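> The structure follows.
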């Protein structure tokens, strides 16, 4: 009963954080970062790149923008027509500029950024614990199977298998299920461990993937 309680608690937390990571919409920069119609006309009608950079610098003078492009200019999105705040990037999949964008995750089909990065980290953490718990609870049955097989092979009467205890799984199909479940749980645990550790390192350094 205790195993089932812990299992379902981890499962509910896993599903909840996955749901929040998927359905929490990315946040665009505020209206103050969008160019006005007059500024757009002035910027688009100007053909000289150096004058365009000056126009963007004038507009961004009152904005909390510190990150610059490689040539020292203001970061500007031509498709969204806005001045990008620090750590803001345009996502080609979502077709929008995402505030504090980390990456577009195919596993949740959503941009991971300012609005849902917390839920994404929790999703990785609960997934890690979920896989670890499954592997730990299944491992004893994996050991039992190999122990029983060894006893049968070295028995003076190998055609007589030992009587199974109450609740034990003995047929070949259940053995395959246990092996498959243990392998998948360990495989996902190892991959999630590296991914979660990398994002924890990014958070400790106040950095993002992009």
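Numbering (full-length UniProt numbering), first residue to last: 1 to 210. Note that beta-carbon positions come from the ideal geometry of N, C-alpha and C, so glycine has one too. All of these numbers come straight from a predicted model, not from anything done at the bench.
With a threshold of 7 Å on Cβ separation, who are the neighbours of residue 118 within its own chain once the five nearest residues in sequence on each side are excluded?
So no residue of the chain qualifies.
> Residue range of the alpha helix (DSSP H) that residue 109 falls in?
It is not in any alpha helix (DSSP H) - residue 109 carries neither H nor E in the DSSP assignment.
> Apart from the five residues on each side of it in sequence, which residues of its chain come closer than 6 Å, Cβ to Cβ, to residue 209?
Excluding residues within five positions, the ones whose Cβ falls inside 6 Å are 102 and 103.
> Are residue 59 and residue 68 close, meaning C-beta to C-beta below 8 Å?
Result no, Cβ atoms of residue 59 and residue 68 do not sit closer than 8 Å.
> Taking the C-alpha atoms as reference points, what is the distance between residue 88 and residue 27?
The alpha-carbon atoms of residue 88 and residue 27 are separated by roughly 10 Å.
> Examine the Cβ distances between the segment 175-185 and the segment 50-65 and report whether three or more of them are shorter than 8 Å.
Touching, no, given that fewer than three Cβ pairs across the two stretches are closer than 8 Å.
> Which same chain residues end up closer than 6 Å to residue 110 when comparing Cβ atoms and leaving out the 5 residues on each side of it in sequence?
22, listed in sequence order.
> According to DSSP, is residue 167 helix, strand or coil?
With a pLDDT of 49 at residue 167, under the threshold of 50, the predicted position of this residue should be treated as unreliable, though the coordinate-derived value follows. Residue state, collapsed to three classes: coil.
> Using 8 Å as the threshold, is the C-beta distance between residue 125 and residue 188 below it?
No, Cβ-Cβ distance for residue 125 and residue 188 is not below 8 Å.
> Our contact map puts residue 106 next to residue 33 with C-beta atoms below 8 Å; I'd like the distance itself, whole angstroms only.
Not confirmed; about 28 Å, so no contact.
> Quick one: Cα of residue 1 to Cα of residue 204, how far?
If I take the Cα positions, the gap works out to 38 Å.
> Among residues of its own chain, excluding the 5 on either side of residue 24, which ones have a beta-carbon nearer than 7 Å to its beta-carbon?
Result list for residue 24: 115, 116 and 119, in chain order.
> Within 10 angstroms of its Cβ, does residue 5 collect 16 or more other Cβ (buried), or is it exposed?
Burial call: exposed.
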